[in-house]
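These notes are about the structure you will find just below.
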Amino acid sequence: MMNQFDTDHRIAKWEKELSDQGFVNNEDDLLQMITSLDREDEPEKLSKLLMIAASSKANDASQETLALAWMEEALKLNPKNKEAERFISEKNWTTKQYSLNQLQFPPLRESDNRAAKKKTALAFIDITRGFLSDADELEQQLANQIKRCENTGSSSVIEKYRELYALLEEVIDEAGALLKAAEEYEKSISGVFYTSTYLDEMKIHIEQIEKMKKQWESIFTSVEESPKEMNPLVELENMVGLNDVKERIEEHYRFLQYQAERQNLGFKNKDDLSLHMVLTGNPGTGKTTLARLLAKIYHHLGVLPREEVVEVNRSHLIGAYMGQTEENIKTAIESALGGILFIDEAYSLKREGQSGNDYGQTAVDTLVSLMTSEEYSGKFAIILAGYPDEMRQFLAANPGLRSRFSSSNYFSLTDYTNEELIQIAEKIAKENDYILTKEAKIELHHRIDQEKVDATFGNARTVKNIVMDAIFKKGAQAQSRHHFLSYTLLDKEDFTVNQSDNTIAAKAQLDELIGLNNVKEEVNSLVSFAKMQKLRQEAGLPALPLQLHSVFTGNPGTGKTTVAKIYSQFLKECGMLKRGHLIVASRSDFVAGYVGQTAIKTKKLIRRALGGVLFIDEAYSLFSPMQADFGKEVIDTLTDEMTKHNENLVVILAGYPQEMEPLLNSNPGLKSRFKKFIHFPDYQSEQLIEILENYLKKYHYVLDTEAVTLLTEKLHEIDTKDNGRFATNLADKAVQMQARRIMDTANVNIAEEMSTLKRADFIHAIENTRNGE
1 MMNQFDTDHR
11 IAKWEKELSD
21 QGFVNNEDDL
31 LQMITSLDRE
41 DEPEKLSKLL
51 MIAASSKAND
61 ASQETLALAW
71 MEEALKLNPK
81 NKEAERFISE
91 KNWTTKQYSL
101 NQLQFPPLRE
111 SDNRAAKKKT
121 ALAFIDITRG
131 FLSDADELEQ
141 QLANQIKRCE
151 NTGSSSVIEK
161 YRELYALLEE
171 VIDEAGALLK
181 AAEEYEKSIS
191 GVFYTSTYLD
201 EMKIHIEQIE
211 KMKKQWESIF
221 TSVEESPKEM
231 NPLVELENMV
241 GLNDVKERIE
251 EHYRFLQYQA
261 ERQNLGFKNK
271 DDLSLHMVLT
281 GNPGTGKTTL
291 ARLLAKIYHH
301 LGVLPREEVV
311 EVNRSHLIGA
321 YMGQTEENIK
331 TAIESALGGI
341 LFIDEAYSLK
351 REGQSGNDYG
361 QTAVDTLVSL
371 MTSEEYSGKF
381 AIILAGYPDE
391 MRQFLAANPG
401 LRSRFSSSNY
411 FSLTDYTNEE
421 LIQIAEKIAK
431 ENDYILTKEA
441 KIELHHRIDQ
451 EKVDATFGNA
461 RTVKNIVMDA
471 IFKKGAQAQS
481 RHHFLSYTLL
491 DKEDFTVNQS
501 DNTIAAKAQL
511 DELIGLNNVK
521 EEVNSLVSFA
531 KMQKLRQEAG
541 LPALPLQLHS
551 VFTGNPGTGK
561 TTVAKIYSQF
571 LKECGMLKRG
581 HLIVASRSDF
591 VAGYVGQTAI
601 KTKKLIRRAL
611 GGVLFIDEAY
621 SLFSPMQADF
631 GKEVIDTLTD
641 EMTKHNENLV
651 VILAGYPQEM
661 EPLLNSNPGL
671 KSRFKKFIHF
681 PDYQSEQLIE
691 ILENYLKKYH
701 YVLDTEAVTL
711 LTEKLHEIDT
721 KDNGRFATNL
731 ADKAVQMQAR
741 RIMDTANVNI
751 AEEMSTLKRA
761 DFIHAIENTR
771 NGE
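Numbering (the UniProt record's numbering), first residue to last: 1 to 773.
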């Protein structure tokens with residue numbers, strides 16, 4: 001708890017910063033103090049702090065609304081706060097600019113019939129009555145502002161208020177006279193006859209009101225700076241990140257300026273630089289925004305007559321029948337003449353393995369033809385946009401199209417860094433009159449990390465969604481009374497995702513497993529290592545490379561898949577994995593029927609597993625000494641993808657001990673990535689009985705003493721190589737035998753017997769197992 005001296009000292013410090021430089025250095029601390037104070041106990045202090053916070057924001061034009069709202073709250077808390085009163089007086093007068101806009105009248109036509117004239121007269125009456133009804137309140141507001149300015153000494157705007165007040169009184173008089181004339185005119189209309197005197201009066205009053213409206217508007221426009229058109233390069237510089245792109249666009253801009261100057265001096269430019277461009281980047285990296293900015297640059301320099309961007313994609317261009325595609329593309333180009341045709345996800349125009357009725361190649365050929373035709377060449381620019389890999393393959397497969405784009409006109413937009421995404425989030429929040437607290441930024445950083453799993457991460461788009469979700473969460477909270485700052489501050493809680501699942505902690509799940517003591521020790525050791533390296537990273541210390549990929553060996557039913565699931569949850573809990581899900585796969589999930597497709601299938605499966613654990617059961621089946629086997633393609637692709645995704649993917653290979661060695665030796669790169677080998681031993685008879693009992697307990701079944709004795713005696717004689725699977729299968733068979741026994745027995749108390757499994761049930765179940773049933 002901060003004492004009175006510390007509070008006063010900090011307030012004095014902020015006031016000095018505001019006086020010296022016009023803003024407060026650490027606004028987070030200031031806002032934190034505001035939220036900690038009780039408006040009932042310390043209204044004056046809270047008023048002063050809000051005034052300081054508002055003044056600090058006032059120099060930023062984009063936060064003027066926020067500053068005004070805080071000042072108004074400061075004045076409510078302390079009506080004697082002269083600074084807040086002065087600020088409101090100086091800012092508030094501009095809100096009256098459109099007060100006379102409701103005085104918009106329909107045209108008066110003498111040629112109208114009786115019904116139309118009557119309708120027009122009634123409209124005049126309604127409009128003027130509505131204005132006069134509101135004018136009293138407006139007049140009172142202006143009078144109050146004049147008084148406030150006199151009290152605070154706001155000489156800069158008091159004359160404006162007085163001028164508005166005087167003019168409003170004149171408008172009220174004219175509106176009253178117009179109302180009276182309109183009422184008399186409406187009464188005089190009878191058939192085609194009306195009294196022209198009232199009509200002439202109305203016209204005179206309307207003319208006077210229109211003059212006064214212009215005079216009213218001039219009071220505001222006389223002090224407003226005419227809006228200056230922002231230079232496109234300044235707009236580019238204001239964009240977050242994109243440093244390499246900014247530098248190249250500036251070079252492009254300077255070159256176009258240079259070419260324009262040469263032209264003005266009379267030099268020839270026989271071979272103009274192509275305006276067509278290729279923009280590549282992952283979702284949300286700013287491709288569309290940059291295209292719109294390029295249109296402004298081309299227009300600003302006079303290269304193109306319009307700054308419009310016509311945005312299209314495959315659905316706009318590819319037709320359903322012969323000839324429609326050519327027509328669609330020609331229409332799109334003609335609509336973009338003088339500006340830019342922006343084709344988003346351009347690689348989708350021509351799909352791989354397209355059928356005969358897909359006109360993708362037709363689209364590409366038509367595009368190339370029209371780009372170079374005498375009719376359209378040089379009259380517009382095309383920008384192709386899409387994801388990097390897909391665009392690379394698309395252009396490589398269409399050399400005719402690729403040659404139409406100069407190598408200097410290829411722009412690659414990289415993913416934003418977390419710090420840049422935080423800046424984008426702050427801009428989005430600011431545009432909606434919100435501020436992110438320090439804790440909110442830390443939580444947002446964590447959210448971004450969680451979202452950054454694969455190439456589908458939407459960069460700025462995802463961050464905008466997160467911020468808008470936080471705003472929704474802030475407003476949707478059930479509170480009887482909101483703190484004033486809750487309308488403008490986004491806190492840590494607004495960005496925190498509520499964990500709705502009630503899953504048991506991974507440690508508890510591991511401890512509950514029967515047997516597997518060595519396995520538990522290995523997993524705990526591995527998780528402890530991962531946690532420690534994470535803590536070292538957070539402390540700014542170097543961390544050892546994490547070797548989380550593992551090989552699980554053991555017979556079926558020994559718990560490999562179960563432990564893999566717990567392992568994935570462990571890694572999520574300690575922050576090593578972002579999703580912590582488990583994808584279980586086998587050879588059939590990877591291998592396709594022909595060359596090239598296996599790698600694609602493998603990559604798709606790996607993308608699904610990103611942020612979690614990919615568990616490959618019977619992994620040894622991927623390896624075959626046969627040259628034509630597609631398993632080698634899986635192994636090679638898997639090795640490459642593990643390197644590419646690094647700590648964003650954990651792979652577990654599972655299978656029989658003796659078969660795993662040839663698989664690992666088939667690719668040296670694969671073997672080097674697996675440092676941890678965990679063996680799952682077969683279960684002992686006592687452990688199998690415990691597994692069986694635990695399994696049945698979930699369904700409210702119990703074994704009587706004789707049944708347990710029988711199992712202890714007989715399990716040594718049976719092949720239990722399926723381990724845990726054998727135990728659950730045996731339990732299922734015993735339940736079936738129990739049901740048959742009870743149903744076939746007369747005079748049995750079903751309520752007492754239905755939950756108990758007896759010796760006889762297991763005798764039949766064991767016999768069926770021996771017979772392979």
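Just so it is clear, CB atoms sit at the ideal spot from N, CA and C, and this is done for glycine as well.
For residue i, I'd like the list of residues in its chain whose CB is within less than 6 Å of its CB, leaving aside the five on either flank, ordered along the chain.
| i | result |
| --- | --- |
| Pro657 | Thr553 |
| Met576 | Ala530 |
| Ser99 | Leu138 |
| Arg608 | Ile583 |
| Ser500 | Its pLDDT being 49, under 50, Ser500 is placed unreliably in this model, and the value from its coordinates should be taken loosely. Contacts found: none. |
| Glu224 | Note that Glu224 scores 47 on pLDDT, short of 50, meaning its location in the model is unreliable and no value can be drawn from it. |
| Met239 | none |
| Thr728 | Tyr695 |
| Asn502 | The predicted position of Asn502 is uncertain, since its pLDDT is 47 and thus under 50; no value can be drawn from it. |
Does DSSP put residue i in a helix, a strand or coil?
| i | result |
| --- | --- |
| Phe677 | strand |
| Ala543 | coil |
| Glu225 | With a pLDDT of 48 at Glu225, under the threshold of 50, the predicted position of this residue should be treated as unreliable, and no value is reported. |
| Val240 | coil |
| Met71 | helix |
| Ala336 | helix |
| Ala385 | strand |
| Gly130 | helix |
| Ala707 | helix |
Going by beta carbon distance, what residues of the same chain come within less than 8 Å of residue i, once the five residues before and after it are set aside?
| i | result |
| --- | --- |
| Ser377 | Met371 |
| Lys520 | Leu510, Asp511 and Leu513 |
| residue 779 | Outside the displayed span of the chain (1 to 773) sits residue 779, for which this structure offers no information. |
| Ile763 | Leu710 |
| residue 774 | With the chain covering 1 to 773 only, the question about residue 774 has no answer from this structure. |
Leaving out the 5 sequence neighbours to the left and right, which residues in its chain are closer than 7 Å to residue i when beta-carbon positions are compared?
| i | result |
| --- | --- |
| Tyr198 | Ala181, Glu184, Tyr185 and Ser188 |
| Lys603 | Thr637 and Glu641 |
| Leu293 | Pro232, Glu235 and Leu236 |
| Glu15 | Ile52 |
To the nearest whole angstrom, what separates the beta carbons of residue i and residue j, a pair I think is in contact under 8 Å?
| i | j | result |
| --- | --- | --- |
| Val463 | Gly611 | The Cβ separation is near 18 Å, so there is no contact. |
| Arg162 | Ser89 | Arg162 to Ser89, Cβ: 12 Å. No contact. |
| Glu426 | Leu436 | 6 Å |
| Val702 | Thr756 | 6 Å |
| Leu516 | Leu548 | At roughly 19 Å, the Cβ-Cβ gap does not stay under 8 Å, so Leu516 and Leu548 are not in contact. |
| Ser586 | Asp617 | 5 Å |
| Ile600 | Leu649 | Incorrect: roughly 17 Å between the Cβ atoms, too far for contact. |
| Ile318 | Gly386 | That belief does not hold up - the Cβ atoms of Ile318 and Gly386 are roughly 15 Å apart, past 8 Å. |
| Ala61 | Met71 | Going by Cβ atoms, the distance from Ala61 to Met71 rounds to 16 Å, so no, they are not a contact pair. |
| Pro305 | Gly338 | 4 Å |
| Trp93 | Val157 | 5 Å |
Pick from the options: whose alpha carbon is nearest that of residue i?
| i | options | result |
| --- | --- | --- |
| Met468 | Ala116, Glu40 and Leu489 | Leu489 |
| Arg673 | Ser685, Phe680, Glu659 and Val651 | Val651 |
| Ile766 | Gly458, Asp732, Glu420 and Gln477 | Asp732 |
| Ile497 | Ser196, Glu72, Phe762 and Lys473 | Checking the sequence, you will find Val at residue 497 rather than Ile. It is Lys473 whose Cα lies nearest to the Cα of Val497. |
| Gln104 | Thr280, Gln393, Leu544 and Lys214 | Lys214 |
| Ala175 | Glu207, Glu159 and Val157 | Glu207 |
| Leu696 | Leu401, Gly559, Val735 and Asn409 | Val735 |
| Gln393 | Ala440, Asp365 and Glu345 | Glu345 |
| Val527 | Cys574, Val563, Lys492 and Ser550 | Cys574 |
| Arg759 | Asp704, Ala143, Leu485 and Ile678 | Asp704 |
| Glu40 | Thr288, Gln263 and Lys76 | Lys76 |
| residue 794 | Arg579, Leu444, Phe457 and Asn524 | Examination of residue 794 is not possible in this model, given that the chain is present from 1 through 773 alone. |
| Leu108 | Gln140, Glu201 and Gln102 | Glu201 |
| Thr720 | Glu159, Gln97, Ser47 and Ile691 | Ile691 |
| Ser315 | Glu307, Met322, Asn465 and Asn328 | Asn328 |
| Val523 | Glu217, Ala506 and Val634 | Ala506 |
Verify the contact flag: residue i, CB atom, against every heavy atom of the ligand GTP, threshold strictly below 7 Å.
| i | result |
| --- | --- |
| Ile333 | This structure does not include the ligand GTP; it has no bound ligands of any sort. |
(request) Kindly provide the ranges of any beta strand (DSSP E) runs that are 3 or more residues long and lie completely inside the stretch 396-483, ordered along the chain. (result) 410-413
(message) Ignoring anything shorter than 3 residues, give me the beta strand (DSSP E) runs that lie fully in the stretch 254-317, in order along the chain.
(response) 277-281 and 309-312
(request) Would you list, in sequence order, the uninterrupted beta strand (DSSP E) runs of no fewer than 3 residues that lie entirely inside the stretch 616-663? (result) 650-655
(message) For a minimum of 4 consecutive residues, which ranges assigned as the alpha helix (DSSP H) are wholly contained in the stretch 42-124?
(response) 43-58, 64-77 and 82-92
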